[in-house]
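J.:
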Amino acid sequence: MNRPANMTELFEKLNDLKSVFRYGQKLIPIIQSLIDFMQETVPLLENINSSIADSTTKIPKASNQIADVTEATELATTEILDIVDLINSDIDSIEKDLKGLTEREKQKSKIIQKLTEAVKDNPEAKSLLINYEELNNEYEELNSVLSVLQKIKNDAYNITLSLQVQDITSQQLSAVNHLISGVQNKLSLLLVDFQETNNDELKTMKIAVPDDASFNPEARYGKDVSQQQLADSLVNNNGFRTTQDEIDKLFS
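Converting from the sequence shown to my numbering requires adding 424 to each position, the first position being numbered 1.
1) Note down the Cα distance separating Asp-509 from Leu-573, rounded to an integer number of angstroms.
2) DSSP three-state call for Met-629: helix, strand or coil?
3) Would you kindly check if the distance between the Cβ of Ile-604 and the Cβ of Ser-487 is under 7 angstroms?
4) Distance, Cα to Cα, Ile-576 vs Lys-532?
5) How about Leu-522 and Val-569: are their beta carbons less than 7 angstroms apart?
6) Just to confirm before moving on: does the CB-CB distance between Tyr-556 and Glu-529 stay below 7 angstroms?
7) How many whole angstroms separate the CB atoms of Thr-593 and Thr-526, which I take to be in contact at a CB cut-off of 8 angstroms?
8) Which same chain residues, not among the five before or five after Ile-631, have their C-beta less than 6 angstroms away from its C-beta?
9) Any idea if Ser-571 is buried or exposed, counting beta-carbon neighbours within 10 angstroms, 16 or more meaning buried?
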């Protein structure tokens, strides 16, 4: 009685096993496809790993080059500003002397007018004084020179104002450097994920960004002189404490 039941159970197990084999036959191509995909992916991952490693080693060099450009630009700007200051100093000295000469010319002109009035009864003397005044009156020429000097002073000031672009450039480059540092750190983490990288090696590739470095990534160049005037007033505050509102207004 139990034998037919056992045979039935055996056939059921064989059918189940047959189903498993059929499922396995369908699954094998999928597994083979996955294996082929992995074999194709490994070289790609190795190339990505190599590219990331190469980029990670080059990023600090780019960061250092940006820092060098910023330093060189700052040095050149400082030298230009020093020269402009010397030019302004010389112009102020010349302007002071010319104003003195202009004042003396005015005095001389008044004296000649009085002399002309005093010798009006002497036609020869009056004629000589008129000729002298025409030859010696340099008042208008001095005023013309003073106007030119004032224009030069204005141009020198505009140069100083335009050189604020150097500070804007430094701020933007600092922002770029900060961004590069973040990218380099992310790439270093990717390297750790792809392969076990020595931590000491990663430290040597790290970009040194000062913790206290400040920059304004939104810095823009403009002709508005109000901020420069505010900065000058803060600097010339004779040591009085500058309020936070004044500082915020300067960078607003």
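Where a beta carbon is used, it is the ideal one built from N, C-alpha and C, also for glycine.
Computed from a prediction, not measured in an experiment: that's the story for all the values here.
T.: Straight from the coordinates:
1) Rounded to whole angstroms, Asp-509 to Leu-573 spans 15 angstroms at the Cα level.
2) Annotation note: pLDDT 47 at Met-629 (below 50); position unreliable, coordinate value reported separately. Here Met-629 sits in coil by DSSP.
3) yes
4) The alpha-carbon atoms of Ile-576 and Lys-532 are separated by roughly 29 angstroms.
5) yes
6) no
7) Between Thr-526 and Thr-593 the Cβ distance is about 43 angstroms, and since that is not below 8 angstroms, they are no contact.
8) Residue placement at Ile-631 is flagged as unreliable, the pLDDT there being 43, under the threshold of 50; a coordinate-derived value is accordingly withheld.
9) exposed
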